[in-house]
Ligand code: NAD
Ligand code: ZN
């Protein structure tokens, strides 16, 4: 039976990306999109330079950088993906741009995975808002609109291209939290599935599963409504086609996963994740594991919470022959296991969404200890 929903928490306005260009070869439109921003800036007597923040993978060869529409004088920075972005990384990059006299560029173009897209979003917020990145970690703390920004994902799954956040770790406090704001949403995105052909298979699987897991956790939570559900259900349907029906990296599968990633990002803007993402965040903060592989590891402890999704995830993993590394938390000293639980419990909104207000009692030290043994 259908029941009407009334969200328990006001999530505020949900802004969608301003414009989406989708399809194989869409990247060829990027130079014209950047040129249009330059013309607008010239007409206003403003800085006509564009800033390009590009995943370091593309510094190693290929001709992608040449095809982005950069001109002499434009800053082109390669973003390291060895570690996930920190507030310090974003502060340093913003300071470097300011030192080079770039404080109000015509646009910032982020080209890469979630790390690069989130870095572009954060730098765009900081250039107009001033201060340091840590000041804006939280909900609706970004005061004024960011610099215009264009996102070009080169790997699919996180939904960073669609979402209203950019996830940063604060090394001083250990807090892993985004700048949740309507100002964080990209003005434009270019979704070209041709760009994901070179992603290593295991990375493609781990990141792709993020779209599935965002949607699974949304649909299992208390905070639901028909619009969020619609995005999430379609994202899951597409993921089933991609991961259960032939090669996940065939051209048609890459196109579907790019759509699923976008829809999963739209879904999560209307709600919250659940138990998996907080555990994954604990693994990231304490063990330094990257988000998407940490999710796939954390799935091993999710049977009591999401039994059907765990079974389906196992089928997907077997069909594509990709497994996350086992045993990451088994022989850890007690202090580090405790730290994982503490980092997990910081995520109050998702845990309340999944387990209700008593989530701390449910996730007792013994229970979380037993979960870690399964990883
Ligand atoms: P990533 O940025 O971590 O990149 C993963 C790896 O793939 C890197 O080695 C990168 O160089 C490589 N790569 C990217 N594109 C490639 C290509 N076309 N060919 C070959 N190699 C390529 O990727 P991710 O998994 O998309 O992003 C994870 C990040 O996203 C984390 O920092 C996480 O916190 C963040 N995230 C953000 C949101 C959001 O809403 N903003 C949501 C979930 C996760
Ligand atoms: Zn995620």
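In the working numbering, the protein residues as written are 4 to 378. Built from N, CA and C at the ideal position, the CB exists for glycine as well.
- Three-pair Cβ contact test at 8 Å for the stretch 211 to 222 versus the stretch 172 to 179: Of all C-beta pairs linking the stretch 211 to 222 to the stretch 172 to 179, fewer than three are shorter than 8 Å, placing the two stretches out of contact.
- Count the CB pairs spanning the stretch 230 to 239 and the stretch 277 to 297 that are closer than 8 Å, and state whether there are at least three. Contact between the stretch 230 to 239 and the stretch 277 to 297 is absent, because fewer than three Cβ pairs lie under 8 Å.
- Task: Grab the span of the beta strand (DSSP E) containing residue 182 for me, first residue to last.
- Result: Residues 179 to 183.
- Query: Is it right to say residue 75 is buried, meaning 16 or more other beta carbons lie within 10 angstroms of its own, or is it exposed?
  - Reply: Classification of residue 75: exposed, given that the 10 Å Cβ count is below 16.
- Message: What would DSSP say about residue 196, mapped onto helix, strand or coil?
- Response: Residue state, collapsed to three classes: helix.
- Query: With residue 195 and residue 28 assumed to form a contact (beta carbons below 8 Å), what rounded beta-carbon distance in angstroms separates them?
  - Reply: For residue 195 against residue 28, the beta-carbon gap comes to about 7 Å, under 8 Å, which counts as contact.
- Task: Tell me whether the beta-carbon of residue 282 lies closer than 7 Å to the beta-carbon of residue 262.
- Result: With respect to residue 262, residue 282 sits apart: the two C-beta atoms are not nearer than 7 Å.
- Residue ranges of each beta strand (DSSP E) run of no fewer than 3 residues wholly in the stretch 17 to 78, ordered along the chain? Runs found: 22 to 25 and 53 to 58.
- Please classify residue 298: is it buried, with 16 or more other beta-carbons within 10 angstroms of its beta-carbon, or exposed? Residue 298 should be labelled buried.
- Message: I'd like to confirm something about residue 121: is its beta-carbon nearer than 6 Å to some heavy atom of ligand 2, or not?
- Response: Not under cutoff, so the answer is no.
- Cβ contact check for the stretch 111 to 121 and the stretch 152 to 164: 3 or more pairs under 8 Å: Taking 8 Å as the limit for Cβ pairs, the verdict is that the stretch 152 to 164 does touch the stretch 111 to 121.
- Query: Can you tell me whether DSSP reads residue 82 as helix, strand or coil?
  - Reply: DSSP, read as helix, strand or coil, puts residue 82 in strand.
- Message: Taking 6 Å as the limit between beta carbons, can you name the residues of its chain near residue 354, skipping five residues before and five after?
- Response: Cβ within range, chain order: 281 and 362.
- Query: Alpha carbon to alpha carbon, what distance is there between residue 25 and residue 192?
  - Reply: Each residue's Cα considered, the two are about 8 Å apart.
- Query: Among the residues of its own chain, which have a CB less than 6 Å from the CB of residue 94, if the five just before and after it don't count?
  - Reply: Excluding sequence neighbours, residue 94 sits near 135 and 136.
- Message: Please state the DSSP three-state secondary structure of residue 171.
- Response: Of the three classes helix, strand and coil, the one that applies to residue 171 here is strand, per DSSP.
- Just confirm the distance between the C-beta atoms of residue 347 and residue 325, as a whole number of angstroms; I'd bet it's less than 8 Å. Not quite, the Cβ-Cβ distance comes to about 25 Å (not below 8 Å), so this is no contact.
- Message: Taking only three categories from DSSP, how would you classify residue 161?
- Response: Of the three classes helix, strand and coil, the one that applies to residue 161 here is coil, per DSSP.
- Go to residue 119, then tell me how far its alpha helix (DSSP H) extends in each direction, as first and last residue. Residue 119: member of the alpha helix (DSSP H) spanning 117 to 132, first to last residue.
- Report buried or exposed for residue 367, applying the criterion of at least 16 other Cβ atoms within 10 angstroms of its Cβ. By the neighbour-count criterion, in which 16 or more other beta carbons inside 10 Å mark a residue as buried, residue 367 falls on the exposed side.
- Message: Between residue 140 and ligand 1, is there a pair consisting of the residue's CB and a ligand heavy atom that are separated by less than 6 Å?
- Response: With a cutoff of 6 Å, residue 140 does not count as near ligand 1, since its C-beta is closer than that to no heavy atom of the ligand.
- Message: With distance defined between alpha-carbon atoms, name the residue in 78, 295, 62 and 320 nearest to residue 107.
- Response: Looking at the Cα atoms, 78 is the closest of the given residues.
- Message: My assumption, with CB atoms under 8 Å, is that residue 91 sits in contact with residue 151. Please give the rounded CB distance.
- Response: Between residue 151 and residue 91 the Cβ distance is about 25 Å, and since that is not below 8 Å, they are no contact.
- Task: Over the uninterrupted beta strand (DSSP E) stretch that includes residue 154, give me the two end residues.
- Result: Segment 152 to 156, the beta strand (DSSP E) holding residue 154.
- Task: Report yes if the C-beta distance between residue 260 and residue 238 is below 7 Å; otherwise report no.
- Result: No, Cβ-Cβ distance for residue 260 and residue 238 is not below 7 Å.
- Query: Using a threshold of 6 Å, is the CB atom of residue 16 nearer than that to any non-hydrogen atom of ligand 2?
  - Reply: False, no ligand heavy atom lies under 6 Å from that Cβ.
- Query: Leaving out the 5 sequence neighbours to the left and right, which residues in its chain are closer than 7 Å to residue 168 when beta-carbon positions are compared?
  - Reply: Closer than 7 Å at Cβ, skipping near neighbours: 181, 182, 183 and 187.
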